[in-house]
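**Q** Chains as they are written, first to last, in our numbering: chain A, 80 to 282; chain B, 80 to 282. We put the CB at the ideal spot given by N, CA and C, even for glycine. Take this structure first; my questions come after.
There are 2 protein chains.
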Amino acid sequence: MELPSNTLANAVEHLSTLPGVGKRSALRFALHLLKQPADETLHLADSIHRLTTDIHYCHICHCLSDTDTCPICSSPKRNQSIVCVVENVQDVMAIENTQQYQGLYHVLGGVISPIDGIGIRDLNIDSLIQRVQQGIPSPVDEVILALPTTMEGDTTSFYLNKQLLPLGVRITTIARGIAIGDNLEYADEITLGRSIINRIPFA
Amino acid sequence: MELPSNTLANAVEHLSTLPGVGKRSALRFALHLLKQPADETLHLADSIHRLTTDIHYCHICHCLSDTDTCPICSSPKRNQSIVCVVENVQDVMAIENTQQYQGLYHVLGGVISPIDGIGIRDLNIDSLIQRVQQGIPSPVDEVILALPTTMEGDTTSFYLNKQLLPLGVRITTIARGIAIGDNLEYADEITLGRSIINRIPFA
């Protein structure tokens, strides 16, 4: 589509790099930004600009943070002896939303995936081993592996288990099974099969 | 959802003001912007910022432009005696894409809509009358009304027709009918009915 202005074309091109946004949506965004009061558009530009300057990553758990140590790692209310290993920041947010977990996190920043060129060195694995070895920020009793149940996630879990076992820490993983409210007849066979094998005492 | 960083929360809040973008998509956008190289994120912020500073509107046709007079109004190749009246900039782009129209445009910036508080004074109607009266940029022989066939669009067309008629200009409107490739049985009754009334000679 021929655009009547290079400035608009430039904005559309950059907006269409957002995930799931095509040229048409990008044009809709750009025309909306043109129509609304200029200071709201400037606020958006500024908030995006600040993502590159004001965001830090916690030096302990590698989660996004406004400070060098994130609020979770620096909170005296959290149980610092439990570390939950997750793939990314979204997983931290999902678990935090449940309000069921009071321990700390460790964000790997991905999972081992040779096909995507992601190896052990690209992930925050060394710092996890260090945390357990040296007790950063406190001695660690338990590591919960909460990685995805894909081939890559499982590979990463196996690798972490192998590395952490000699350190004498308890290693657990989150329960998998039929989601609460789901019907058995619509559940996939692997999940249903495992949920029977890993059954737990009724109350 | 609780976000681990105020900078991130701020970006998500502003991104979610884009049309059709909710909190979840905005978060996906923001995390994508964090993950990609910082200079690409800065380019996006800059291109949005420039929408507020570098965009002009053509003083003749009110279309978006990088200059005071848009490339269409200043082109010697266009037929300056025909003016096509459209609701907004997207309509100009849609007609330009057909490569079937060689005249000029006039962007109203909306249609008369009392329910949305849009009256005659809010639209570029006076400047259209002036263009026809004074021949800006050249004498106008024909005005094509290409407004939507909604109640608001029709009201605007009727009003413009009433204003332009005394000026002795030819007033036309775009053909409405069954879209090329469409089946008659699935066409709506009003369109099909009008397409029979407004039938044209076969070749």
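Nearest to Arg157 (chain A) by CA position, among A:Tyr184, A:Leu94, A:Asn85 and A:Thr252, is which residue?
**A** Measuring from the Cα of Arg157 (chain A), the nearest candidate turns out to be A:Tyr184.
**Q** Just to make sure I have the definition right: I need the residues of chain B whose C-beta is within less than 8 Å of the C-beta of Asp145 (chain A). Which are they?
**A** Those within 8 Å of Asp145 (chain A) in chain B are Ser84, Asn85 and Thr86.
**Q** Report yes or no: is there a C-beta of chain A within less than 7 Å of the C-beta of Cys140 (chain B)?
**A** For Cys140 (chain B), the answer is no, since every Cβ of chain A falls outside 7 Å of its Cβ.
**Q** Where do the ends of the beta strand (DSSP E) carrying Glu221 (chain B) lie?
**A** Glu221 to Leu224 is the span of the beta strand (DSSP E), which, as asked, contains Glu221 (chain B).
**Q** Please compile the residues from chain B whose C-beta is within a distance smaller than 7 Å of the C-beta of Ala124 (chain A).
**A** What Ala124 (chain A) touches in chain B: Ala124, Ile127 and His128.
**Q** With distances taken Cα to Cα, identify the nearest neighbour of Asp118 (chain B) among A:His122, A:Leu110, A:Leu130 and A:Leu123.
**A** Minimum Cα distance to Asp118 (chain B) is reached at A:Leu130.
**Q** So, using beta-carbon positions, are His141 (chain A) and Val190 (chain A) closer together than 7 Å?
**A** Result no, Cβ atoms of His141 (chain A) and Val190 (chain A) do not sit closer than 7 Å.
**Q** List the residues of chain A whose Cβ lies closer than 9 Å to the Cβ of Gln61 (chain B), in chain order.
**A** An answer regarding residue 61 (chain B) cannot be provided, because it is not within the stretch 80 to 282 covered by chain B.
**Q** Return the chain-ordered list of same chain residues with a C-beta closer than 7 Å to the C-beta of Gln242 (chain B), the five sequence neighbours on each side being excluded.
**A** Closer than 7 Å at Cβ, skipping near neighbours: Ile208.
**Q** What do you get for Ala258 (chain A), buried or exposed, if any count of 16 or more other CB atoms within 10 angstroms of its CB means buried?
**A** It is exposed - the Cβ of Ala258 (chain A) has fewer than 16 other Cβ atoms within 10 Å.
**Q** How is the beta strand (DSSP E) around Gln159 (chain A) delimited, first residue to last?
**A** Asn158 to Val165 is the extent of the beta strand (DSSP E) around Gln159 (chain A).
**Q** Taking the alpha carbon of Val162 (chain A) as the point to measure from, which residue in A:His135, A:Ala124, A:Ser206 and A:Val91 has its own alpha carbon closest?
**A** The candidate whose alpha carbon is nearest that of Val162 (chain A) is A:Ser206.
**Q** For my contact list, Thr146 (chain A) and His135 (chain A) are in at a C-beta cut-off of 8 Å; report their separation, rounded to the angstrom.
**A** Indeed they touch by this definition, with Cβ atoms about 6 Å apart.
**Q** On the three-state DSSP scale, how would you describe Gly182 (chain B)?
**A** Gly182 (chain B): strand per DSSP, three-state reduction.
**Q** Name the DSSP bridge partner or partners of Tyr136 (chain A)?
**A** Its beta-bridge partners are A:Leu143.
**Q** Among the residues of its own chain, which have a CB less than 6 Å from the CB of Phe108 (chain B), if the five just before and after it don't count?
**A** These residues qualify, in order along the chain: Leu94.
**Q** Taking its Cβ as the centre, do 16 or more other Cβ atoms sit within 10 Å of Ala173 (chain B), making it buried, or is it exposed?
**A** Counting Cβ neighbours within 10 Å, Ala173 (chain B) comes out exposed, since fewer than 16 surround it.
**Q** Got a sec: which bits of the region 161-192 of chain A sit with their beta carbon under 9 Å from any beta carbon on chain B, in order along the chain?
**A** Listed in sequence order: Asn167, Val168, Gln169, Val171, Met172, Ala173, Glu175 and Asn176.
**Q** For Ile250 (chain B), which three-state DSSP category applies?
**A** Correct three-state label for Ile250 (chain B): strand.
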